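Asker:
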Amino acid sequence: MSTLDSFHARDSIEVGDKTYGIYRLGAVDGVDHLPYSLKILAENLLRNEDGKNVTKEHVQALAQWDPQAEPATEIQFTPARVVMQDFTGVPCVVDLATMREAVAELGGDPDKINPLNPAEMVIDHSVVVDVFGREDALERNMEIEYERNRERYQFLRWGQGAFENFRVVPPGTGIVHQVNIEHLARTVFATKDADGNPIAYPDTCVGTDSHTTMVNGLGVLGWGVGGIEAEAAMLGQPISMLIPKVVGFKLSGQIPAGATATDVVLTITQMLREHGVVGKFVEFYGEGVGAVPLANRATIGNMSPEFGSTASIFPIDDVTLDYLRLTGRDEESIALVEAYAKAQGLWHDTAHEVKYSEYLELDLSTVVPSIAGPKRPQDRIKLSEAKQSFAGTLPDYISGKGLEETELDRNLEASMEASDPVAPAGSEDEVKPVEAKQSTKRPHHRVDVTLDDGTKTQLDHGHVVIASITSCTNTSNPSVMMAAGLLAKNANEKGLKSKPWVKTSMAPGSKVVTEYYDKTGLWEHLDALGFNLAGYGCTTCIGNSGPLPEAISKVVNSEDLTVVSVLSGNRNFEGRINPDVKMNYLASPPLVIAYALAGTMDFDFETQPLGQDQQGNDVYLKDIWPDPDLVQETIDATLSADMYKEKYADVFKGDERWRSLQTPEGATFAWDEDSTYIRKAPFFEGMQREPEPVKDIEGARVLLKLGDSVTTDHISPAGSFKPDTPAGQYLVENGVKRKDFNSYGSRRGNHEVMVRGTFANIRIRNELLDGVEGGFTRDFTSEGAPQVSVYEAAQRYAKAGIPLVVLGGKEYGSGSSRDWAAKGTSLLGVKAVITESFERIHRSNLIGMGVLPLQFPEGEDRNTLGLDGTETFDIHGIDALNSEIPSTVAVTAHREDGTDVQFDARVRIDTPGEAEYYRHGGILQYVLRHLL
1 MSTLDSFHAR DSIEVGDKTY GIYRLGAVDG VDHLPYSLKI LAENLLRNED GKNVTKEHVQ
61 ALAQWDPQAE PATEIQFTPA RVVMQDFTGV PCVVDLATMR EAVAELGGDP DKINPLNPAE
121 MVIDHSVVVD VFGREDALER NMEIEYERNR ERYQFLRWGQ GAFENFRVVP PGTGIVHQVN
181 IEHLARTVFA TKDADGNPIA YPDTCVGTDS HTTMVNGLGV LGWGVGGIEA EAAMLGQPIS
241 MLIPKVVGFK LSGQIPAGAT ATDVVLTITQ MLREHGVVGK FVEFYGEGVG AVPLANRATI
301 GNMSPEFGST ASIFPIDDVT LDYLRLTGRD EESIALVEAY AKAQGLWHDT AHEVKYSEYL
361 ELDLSTVVPS IAGPKRPQDR IKLSEAKQSF AGTLPDYISG KGLEETELDR NLEASMEASD
421 PVAPAGSEDE VKPVEAKQST KRPHHRVDVT LDDGTKTQLD HGHVVIASIT SCTNTSNPSV
481 MMAAGLLAKN ANEKGLKSKP WVKTSMAPGS KVVTEYYDKT GLWEHLDALG FNLAGYGCTT
541 CIGNSGPLPE AISKVVNSED LTVVSVLSGN RNFEGRINPD VKMNYLASPP LVIAYALAGT
601 MDFDFETQPL GQDQQGNDVY LKDIWPDPDL VQETIDATLS ADMYKEKYAD VFKGDERWRS
661 LQTPEGATFA WDEDSTYIRK APFFEGMQRE PEPVKDIEGA RVLLKLGDSV TTDHISPAGS
721 FKPDTPAGQY LVENGVKRKD FNSYGSRRGN HEVMVRGTFA NIRIRNELLD GVEGGFTRDF
781 TSEGAPQVSV YEAAQRYAKA GIPLVVLGGK EYGSGSSRDW AAKGTSLLGV KAVITESFER
841 IHRSNLIGMG VLPLQFPEGE DRNTLGLDGT ETFDIHGIDA LNSEIPSTVA VTAHREDGTD
901 VQFDARVRID TPGEAEYYRH GGILQYVLRH LL
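Residue numbers (the UniProt record's numbering): 1 to 932.
(1) Counting pairs of beta carbons, one from the region 836-844 and one from the region 805-818, are three or more of them closer than 8 angstroms?
(2) How far does the alpha helix (DSSP H) with N845 in it reach, from first residue to last?
(3) Along the alpha helix (DSSP H) that carries P590, what are the first and last residues, could you check?
(4) Can you give the beta carbon distance from E836 to F856, rounded, assuming they're within the 8 angstroms contact cut?
(5) Leaving out five residues on either side along the sequence, give the residues of the same chain with a beta carbon under 7 angstroms from the beta carbon of H463.
(6) If you run the structure through DSSP and keep just helix, strand and coil, what is M121?
(7) Would you grab the beta carbon distance between S370 and L383 for me? Rounded to a whole angstrom, and I think it's under 8 angstroms.
(8) Taking 8 angstroms as the threshold, find out whether the region 626-633 comes into contact with the region 561-580 through three or more Cβ pairs.
(9) Grouping DSSP H, G and I as helix and E and B as strand, with all else coil, what is Q729?
(10) From which residue to which residue does the beta strand (DSSP E) around G913 run?
(11) Taking just the CA atoms, how far does P170 sit from E151?
(12) Where H348 and G248 are concerned, what is the direct C-alpha to C-alpha distance, given to the nearest angstrom?
(13) Once you ignore the five residues that flank M687 on each side, which residues in its own chain have a CB closer than 7 angstroms to its CB?
(14) With 16 other CB atoms within 10 Å as the buried threshold, where does H58 fall?
(15) With DSSP run on the structure shown, which of helix, strand or coil describes P110?
(16) What does the Cβ neighbour count give for N557, buried or exposed, with the cut at 16 atoms within 10 Å?
(17) Since I593 contacts T540 with CB under 8 angstroms, what's their CB separation in whole angstroms?
(18) Could you work out which residue in N750, G719, L138 and A794 is closest to Y730 when comparing CA atoms only?
(19) Should the region 906-917 be called in touch with the region 240-260, which here means at least 3 C-beta pairs below 8 angstroms?
(20) Just tell me which of D452, N490, S471 and L394 has its CA closest to the CA of H444.
(21) DSSP three-state label for Q76, please.
(22) If you draw a straight line from the C-alpha of D650 to the C-alpha of E105, how long is it?
(23) Between the Cα of R763 and those of K739, A69 and V710, spot the shortest distance and give me the residue it belongs to.
(24) For V449 and A551, which I take to be in contact (beta-carbon distance under 8 angstroms), what is that distance rounded to the nearest angstrom?
(25) Using only CA atoms, which one of N761, G159 and D874 lies nearest to P115?
(26) Could you check whether N141 and V127 sit closer than 8 angstroms to each other, using their CB atoms as the reference points?
(27) Name the two residues that bound the continuous beta strand (DSSP E) containing Y536.
(28) Tell me residue 968's beta-bridge partners as DSSP assigns them.
(29) Would you mind reading off the limits of the beta strand (DSSP E) that contains A905?
(30) My parser needs the alpha helix (DSSP H) runs of 4 or more residues fully inside the region 272-302; what are they?
(31) When you compare only the Cα positions, how much space is there between Y918 and M849?
(32) Could you tell me if L597 is buried or exposed, where buried requires 16 or more neighbouring beta carbons within 10 angstroms of its beta carbon?
(33) On a Cα-Cα basis, can you pick out the residue from D330, I40 and E164 that is closest to V93?
(34) Determine the DSSP secondary structure at L586, reduced to helix, strand or coil.
(35) Tell me whether T607 sits in a helix, a strand or coil according to DSSP, three-state version.
(36) Taking the continuous alpha helix (DSSP H) assigned at P664, which residues delimit it?
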């Protein structure tokens, strides 16, 4: 708490029979007219004023915020807590365990390496859909999960005992962001100050997953950061940031029948990505806000990373209180939320004037059913235009077989489908000829396949091979989940079935979903369509879709078929969902089921029937789409606070599998040199108490030359990998069988796997190579610069003492807030990344790992400057960072023909705090030295 109180803001409020200390915002002139999100920051500064990290001038700068000014004032934000998931959480605990040893080696107290603020982890990223479409899918997948991850889970249980303020929600409970809004989020914290007096303040958090912003729907300011930033926050370090611009987004109207919250969020994602909100806060306001259910607010907030904003927040109002009450929070804490919000001007008031930097508006009544894809969440497509869009995009994904385009009359094609093995005559999947409005031109390549159960059918380009209800975005929202269940009921009662080639799965965000499906009797209908409960976790959305059935995978690969996944997730980046699937579409949960029934993206729901009922009548999507009033009535009659109280009563206890894990003990971890999951982090090897001066870069080679929208999935994939990859070869050499590879995400506690997996996405395109996909580059240390893996090339460069750079385009590092995208880049020997623009989190993470982020001059890029990647690079002026932050550095690229390209690159170290991290070689080194 504040050691100073320059504004005499310390005051108190009475709530029931208790008195809470507060830092009253009204004590500072100008704060009253700030946007909600900046008021939260203002209170944070008031409460943490110490004259060093936070000064009186910082508070005044925020109070005098100019909505139109470019961000320039650095402040230090101190989050109240940290939330983690296990993919990013394991390396966090590895780093903390390593830091304890490093502190001891440098003569410090290892007990100082301990979370000072609450840190909570939810294990939700490790379950894989190995088994699906069966009643025992959940049990089998959890058994396999524990078999694969036993070593990781033992390590996390050790961390829970070794570190204070660190709690773990065991596997099989739910998805971190849903658990956060349903149970972990406080909205208003109540703790004790240094004198033991109760004090209230806003709940704020950072998380090691970019979708931490889901909690913004609850009025909690928080966002995703890299694991390295989260570790620093756990250790009491504030987060350096510039006072941001705030975009006011006005909502009006009501969602029309037929549209869902998913359609709303895909519309907002498209609007905000086109507007440009990277590095900004988005705040929803207007009279329409009060009509937006909390679950919809959370769905919108969840998608902040997809449209690029730091946060997307809703204010506190009666809707907030109702949700807290529904989810089982006690009345005392709910009363505190209301009293505190009203006392601090944080309660939503449509009559109160607030100024924003920019304005947007959406009339919810204009939203139409939509999907997004085939590779970016902002690429929204109206459902009515989905078939046409797919046909136009498909040729871009086809290479080799099936390239020839065939003009097919839709009536003829439908007749063929009714009589060929895709839908055997007389079967439940029989499709009758339909009358279409026009001809469609798109490639076909029909291939016979016999499924594991003996079913004979055909696969073609565009067939949906994965239909998955998954992810934090939508499985938190009862309106779309109940709609999916009711649609399944309607479809099942009419005799419709999912197509036999579709891998179907259901992975709810919390056990409460299971409870209300049980209570409504909807499970039997979901099971009938193959959407059996497969696990509680991110599954398909994080890349844990599991393998396709062997017969389908074999045909897809041998015939180079372009097949499709449809998921109710937030991420559909290339190579993320499944290595066999090239095109991925986001859709609402009921639409996921609809596409499982259709079986192909080459489908028009308005004109083509999904099948026939028992009387032979055509059944269209409109015939089974649930009435929105019925959906809401079912929710109102089913959901209760008791459900939430019961499911979260022992949330940290875990099942028998978790409790029976043999767990190491002790303040320091006993590293196993033979482990392929948990290895001591290498980041502190050879570290001295004082950092060496920053130096210029001389004679650097280009490791990769990349294009636009390179995501953190491209840089550090999370999904599965094959034996012929560098990571696979490493595991095989260490005695790991192919079936036990698990995923990159699960191996993040082992730097040896992760550095080999950096830039190893199967869809990444390195412009140093022509027409090649995957983690390959040219090795300029060898004659002829042959093609080798990125890891192999980096090893050769390191041996030769050659530093490396990466060239990129726009939106470099978009996507998840994964720290290994920066850690792996650093360990490969990359000293600088030069791009047209960065996404917020990855830029910050690069600095946190001692990698210099640079931008090409305005209006220039790698191509306009004539850079082909064969040059050697000198970067001068970096050494100025020893005392200041230079606006630019001088880059000289030496061509092979003896000519040079020279330009001034903009230094994207934006704050003095970031400069300090860079001078120390990274944020963890800075924190460790600070603690010493």
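Built from N, CA and C at the ideal position, the CB exists for glycine as well.
Owing to the predicted nature of the structure, the values given are computational and were not obtained by experimental measurement.
Answerer: Let me spell this out:
(1) yes
(2) R840 to G848
(3) P589 to A598
(4) 6 angstroms
(5) W501, V563, V564, G599 and T600
(6) strand
(7) 6 angstroms
(8) no
(9) helix
(10) Unbroken run through G913 is the alpha helix (DSSP H), P912 to R919; no beta strand (DSSP E).
(11) 14 angstroms
(12) 14 angstroms
(13) A102 and Q925
(14) buried
(15) helix
(16) exposed
(17) Actually they are not in contact, since the Cβ atoms of I593 and T540 sit about 14 angstroms apart, beyond 8 angstroms.
(18) N750
(19) yes
(20) L394
(21) strand
(22) 39 angstroms
(23) V710
(24) 6 angstroms
(25) G159
(26) yes
(27) Element bounds for Y536: n/a, residue is neither H nor E.
(28) Only positions 1 to 932 of the chain appear in this structure, which leaves residue 968 out of reach.
(29) D900 to V907
(30) 294-302
(31) 8 angstroms
(32) buried
(33) E164
(34) strand
(35) coil
(36) Neither: P664 is in no alpha helix (DSSP H) and is coded neither H nor E.
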